[in-house]
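Below is one structure; the comments refer to it alone.
Numbering (this note's numbering), first residue to last: 205 to 363.
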């Protein structure tokens, strides 16, 4: 009996290691986008991914045909959402100016390609709200607000 459990445990570890080897890079990038940290200095994103992977590993035997990537991505999103509601802004990066909810929706919809309905269900929001927030986030990223006008132009002085 113990030998059988040891073999199952070794198989489980090999399968999980293969999954992590194939998926960790993309998941870390998604977590880095969510936390708005620089790619080369992303401790919050790494912690987020580590916690999500630990959850996936703990439930590995219960996945039963479910995609482990989807499960881990869902855990990253949920863990980010829980933590982000307490801390509002990111540290910078292209998604830094967005709210945590906008970052989450944008990463799920655009970067990960999750369907609007699935994103809405995951976040407990109406699909229309997800659509609007995604559009606003895309607009904010593509067309960031401009800084104040130069003082000379405001005072009416000639250039």
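Glycine included, each C-beta is placed from N, C-alpha and C at the ideal position. Keep in mind it's a predicted model, so treat the numbers as computed, not measured.
For residue 245 and residue 238, I'd like the C-alpha separation in whole angstroms.
By one-based count along the chain shown, residue 245 stands at place 41. By one-based count along the chain shown, residue 238 stands at place 34. The straight-line gap from Cα to Cα measures roughly 14 Å.
Quick check on the burial criterion: 16 or more other C-beta atoms within 10 angstroms. Buried or exposed for residue 252?
Translated into positions along the chain shown, residue 252 becomes position 48. With 16 or more other Cβ atoms within 10 Å, it is buried.
Within its chain, find whatever has a CB closer than 7 Å to the CB of residue 301; leave out the 5 residues flanking it on each side and keep chain order.
Start at 1 with the first residue of the chain shown, and residue 301 comes out as number 97. Counting only Cβ-Cβ distances below 7 Å, and skipping sequence neighbours, we find 344 and 348.
8 Å Cβ cutoff met for residue 241 and residue 248
Translated into the one-based positions of the chain shown, residue 241 becomes position 37. Translated into the one-based positions of the chain shown, residue 248 becomes position 44. Yes. Within cutoff.
Of all the alpha helix (DSSP H) runs that stay within the bounds of the segment 252-334, which reach a length of 4 or more residues?
272-288, 304-310 and 320-327
Less than 8 Å between the C-beta atoms of residue 255 and residue 326, yes or no?
For the purposes of this step, residue 255 is taken as residue 51 along the chain shown, with counting starting at 1. For the purposes of this step, residue 326 is taken as residue 122 along the chain shown, with counting starting at 1. Taking 8 Å as the Cβ cut-off, residue 255 and residue 326 do not qualify as a contacting pair.
Cβ shell of residue 331 (< 7 Å), same chain only, five flanking positions each side left out:
Reading the chain shown from its first residue, position 127 is the one you call residue 331. Within the same chain, residue 331 has close Cβ partners 320, 321 and 324.
Any 3 or more C-beta pairs closer than 8 Å across the segment 261-268 and the segment 215-222:
yes
Within a Cβ cutoff of 6 Å, which residues of the same chain sit near residue 340, ignoring the five residues on either side of it in sequence?
As a position in the chain shown, residue 340 is number 136, starting the count at 1. Excluding residues within five positions, none has a Cβ falling inside 6 Å.
Supposed contact pair residue 260 and residue 236 - C-beta distance, whole angstroms, cut 8 Å
Against the chain shown, residue 236 aligns to sequence position 32. Against the chain shown, residue 260 aligns to sequence position 56. In fact, because the Cβ distance is near 18 Å, the residues do not count as touching under 8 Å.
Only counting the same chain, and skipping five residues up and downstream in sequence, which positions put a Cβ closer than 6 Å to that of residue 223?
Here residue 223 is taken as the residue at index 19 of the chain shown, counted from 1. Within the same chain, residue 223 has close Cβ partners 272.
Option nearest residue 314 by Cα separation, candidates 286, 338, 268 and 284:
The residue you call residue 314 lines up with position 110 of the chain shown. Considering only alpha carbons, the answer is 338.
Using only the alpha-carbon positions, how far apart do residue 316 and residue 215 sit?
Walking along the chain shown from the start, residue 316 turns up at place 112. Walking along the chain shown from the start, residue 215 turns up at place 11. Approximately 29 Å between the Cα atoms of the pair.
Could you check the C-alpha separation between residue 269 and residue 278 for me, to the nearest Å?
In the chain shown, counting from the first residue as 1, residue 269 sits at position 65. In the chain shown, counting from the first residue as 1, residue 278 sits at position 74. About 16 Å.
Could you check what DSSP says for residue 224 in three-state terms: helix, strand or coil?
In the chain shown, the residue the question calls residue 224 occupies position 20. Residue 224 falls in the helix class under three-state DSSP.
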